[in-house]
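Read through the structure below, which is laid out as structure tokens, and then see the notes.
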Amino acid sequence: MADTCRITRECALKALWPASVADDSPTFITRTFDTLTKAVDEALNLERDLSHSLSWDPASTGIQEAAEAKWQDCLQLSGDILTAQVVSAEDLPMQRMSMLLHFLIESESLDEALRFQQLMHEHRDLFTTDDPGVREALNRAARQVDTVVEMAVTAPEFAPV
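Under my numbering, the first residue of the sequence shown carries the number 1183, and numbering increases by one thereafter.
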């Protein structure tokens, strides 16, 4: 049998995620926010695959559909967070960030995406907390917002959904 080179995307390595903020604060919003940020990372990785110079390769068939499905998962997760009951002080900043991510993913123009990024930076105090684990999760989400906007700037045809 011949050895073949196998490419495994990061999203295929589901069991290898490190312990998360959810281990310290097991509220529904915290657990779901952790899942949301992982899903956004997976969607961004799929989008990077699509922007790769070899995206025309027949081996990459289905990446576009997978990316669209992952962005829909992100919208569903952020919607679940938005409708969840806040049970701790750390839940509120995560709920706000989820709302921002939701609207960013749904944005239909570069100007809209840039505006959401600007709002996040202008109102950074709304997305902060004293809990170090939650703060790390919020910073991860803020970097994701910046990455989505950066991708939209460099590839105007890029639209998460």
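Positions of the beta carbon are idealized from the N, C-alpha and C atoms, including for glycine.
Practice task
Could you check the C-alpha separation between A1249 and A1225 for me, to the nearest Å?
Solution key: 5 Å
Handout entry: From R1213, A1251, L1292, A1266, residue whose alpha carbon lies closest to that of M1333
Key = L1292
Practice task
Report the rounded CA-to-CA distance for T1322 versus L1232, giving the unit in angstroms.
Solution key: The identity of residue 1322 in the sequence shown is Arg, whereas the question assumes Thr. Spanning the two alpha carbons is a distance of roughly 22 Å.
Handout entry: Closest by C-alpha distance to S1316, when choosing among G1244, M1279, I1287
Key = The residue you asked about is not Ser; residue 1316 is Val in the sequence shown. With respect to the C-alpha of V1316, the residue from G1244, M1279, I1287 having the closest C-alpha is M1279.
Problem - Ranges of the alpha helix (DSSP H) found wholly within the segment 1220 to 1273, counting only runs of at least 4 - result: 1245 to 1265
Exercise for the section: Could you check what DSSP says for S1289 in three-state terms: helix, strand or coil? Expected result: Shown here, S1289 sits in coil according to DSSP, grouped into three states, outside any helix or strand.
Exercise for the section: Check whether the Cβ of E1304 lies closer than 6 Å to any heavy atom of the ligand ZN, and answer yes or no. Expected result: As for the ligand ZN, it is missing from this structure, which has no ligand bound.
Problem - D1313 versus N1227, P1275, A1221, L1264, residue with shortest Cα-Cα distance - result: P1275
Exercise for the section: Count the C-beta pairs between the segment 1249 to 1264 and the segment 1292 to 1308 that are closer than 8 Å, then say yes if the count reaches three, no if not. Expected result: no
Problem - Completely contained alpha helix (DSSP H) runs for the segment 1276 to 1323, where each covers 4 or more residues - result: 1292 to 1304
Problem - Reference D1216, options T1329, V1269, D1273, M1302, closest by Cα - result: D1273
Practice task
Go ahead and label H1305 buried or exposed: buried means 16 or more other beta carbons lie within 10 angstroms of its beta carbon, across all protein chains shown.
Solution key: exposed
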